[in-house]
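To convert a position in the sequence shown, counted from 1, into the working numbering, add 421. For each residue, glycine too, the CB sits at the ideal point set by N, CA and C. Values in this document were obtained by computation on a predicted structure and should not be read as measured data. These notes concern the structure reproduced below.
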Amino acid sequence: MNNTNGSLIIHGGKLTLKDVMAVSRDKKKVILSKESTLAVQKAEHILSKWAKTGKVIYGMTTGLGDNIRMLIPPEYASELSKNILLSHAAGVGRPLPEEIVRAIMLLRINCLTQGKSGISLKAVNLLLEMLNKGIHPCNPRARFCGSIR
């Protein structure tokens, strides 16, 4: 979906291959729809409210994976988030091409705008800003990506 300034408006719905190519190869700008912005804010609010009540929330008040039974006290929630990022910040292999990283970023942002993850709007907007400004993480290709040139 396009607006008057030629940007792609995403709303957590289906993206066409043409949309993905326009952003990943042609560097078309992306903006969030008003509906997706509200959906993200609503989910963020609900998750924040649940966390304050002591509700068990996977990856927020519990560990991840095999550590799911480990309850994380609220005062360590930000430390858990930091540790999750650090544990995933390593990789091996040649970096993926920029257009593939851009496509991955677009697809992740689009998924997050469904308002089902509880991610903050600030985080979504940061990812969006990075994509629109051409700031891309270095993503080492995994073994299954060996055929990507």
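Cβ-based burial, residue i [other Cβ within 10 Å; buried from 16]
i	result
Ala-460	buried
Ile-530	buried
Val-477	exposed
Glu-496	exposed
Reduced DSSP secondary structure (H/G/I, E/B, other) of residue i
i	result
Thr-425	Only weak support exists for where Thr-425 lies, its pLDDT of 47 falling under 50; the value from the coordinates is given anyway. Correct three-state label for Thr-425: coil.
Val-451	strand
Leu-436	coil
Leu-492	strand
Residue of the options minimising C-alpha distance to residue i
i	options	result
Ser-457	Val-477, Leu-549 and Pro-558	Leu-549
Ile-430	Leu-542, Thr-482, Ser-541 and Leu-453	Leu-453
Lys-448	Asn-553, Ala-563 and Asn-560	Asn-553
Leu-436	Asn-546, Trp-471 and Ile-525	Ile-525
Gly-434	Cys-532, Arg-562 and Val-545	Cys-532
Met-551	Arg-446, Lys-503, Lys-450 and Glu-500	Lys-450
Ala-498	Gly-475, Val-513, Gly-555 and Ala-544	Gly-475
Beta-carbon spacing of residue i, residue j below 8 Å
i	j	result
Gly-480	Met-491	no
Leu-517	Val-441	no
Glu-519	His-557	yes
Asn-560	Val-522	yes
Thr-482	Ile-493	yes
Problem - Cβ contact check for the segment 459–477 and the segment 532–547: 3 or more pairs under 8 Å - result: Segments in contact, yes.
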